[in-house]
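Engineer:
Numbering (this note's numbering), first residue to last: 80 to 206.
1. Kindly list the residues whose CB is nearer than 6 Å to the CB of residue 173, restricted to its own chain and excluding five residues on each side of it in sequence; keep chain order.
2. Check residue 124 in the structure and name its three-state DSSP category.
3. For residue 147, report the span of its alpha helix (DSSP H) as first-last.
4. The alpha helix (DSSP H) with residue 133 in it runs from where to where?
5. Three-state secondary structure (DSSP) at residue 175?
6. Over what stretch of residues does the alpha helix (DSSP H) that includes residue 199 continue unbroken?
7. Quick one: what does DSSP say residue 84 is sitting in, helix, strand or coil?
8. From the DSSP output, in three-state form, read off residue 170 for me.
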């Protein structure tokens, strides 16, 4: 087995060269075309668009008030406040919000305290 890039044992047969003949230069005659157009005055042309169109909404007022990024930020904050208000109405919602607000460290410390209390409550019995 040989390499893919290795040369083959046979030589490629050379194609017989064809006799090249000089091509004749084809000349084209230039026709002098005379345009029978007269120059057009730009003032005489009709404008392509005659009206400015109609605005559906008054975008100028909205652009002066808030940028799209600012409006998106305010909408997201409002949704978050509404969601938090809905989820913290009941007792379970309040407990869940309290657990979420705890950091990882405070959560772990609370679990350690619970374990220590359980160990203290278990009495050692010696037989």
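All C-beta atoms in this analysis are idealised placements derived from N, C-alpha and C, irrespective of residue type, glycine included.
Structural biologist: Short version:
1. For the purposes of this step, residue 173 is taken as residue 94 along the chain shown, with counting starting at 1. Excluding positions up to five away in sequence, the list reads 167.
2. Reading the chain shown from its first residue, position 45 is the one you call residue 124. Here residue 124 sits in coil by DSSP.
3. Working through the chain shown from its first residue, we reach residue 147 at position 68. Per DSSP, the unbroken alpha helix (DSSP H) holding residue 147 starts and ends at 147-166.
4. For this step, residue 133 is matched to residue 54 along the chain shown. Per DSSP, residue 133 belongs to no alpha helix (DSSP H) and is neither H nor E.
5. Counting from one through the chain shown, the residue named residue 175 turns up at place 96. When secondary structure is reduced to three states using DSSP, residue 175 falls in the helix class.
6. Here residue 199 is taken as the residue at index 120 of the chain shown, counted from 1. For residue 199, the uninterrupted alpha helix (DSSP H) run begins and ends at 183-200, by DSSP.
7. Residue mapping note: residue 84 aligns to position 5 of the chain shown, counting from 1. In this structure, residue 84 counts as coil in the three-state DSSP scheme.
8. For the purposes of this step, residue 170 is taken as the residue at position 91 of the chain shown. In this structure, residue 170 counts as helix in the three-state DSSP scheme.
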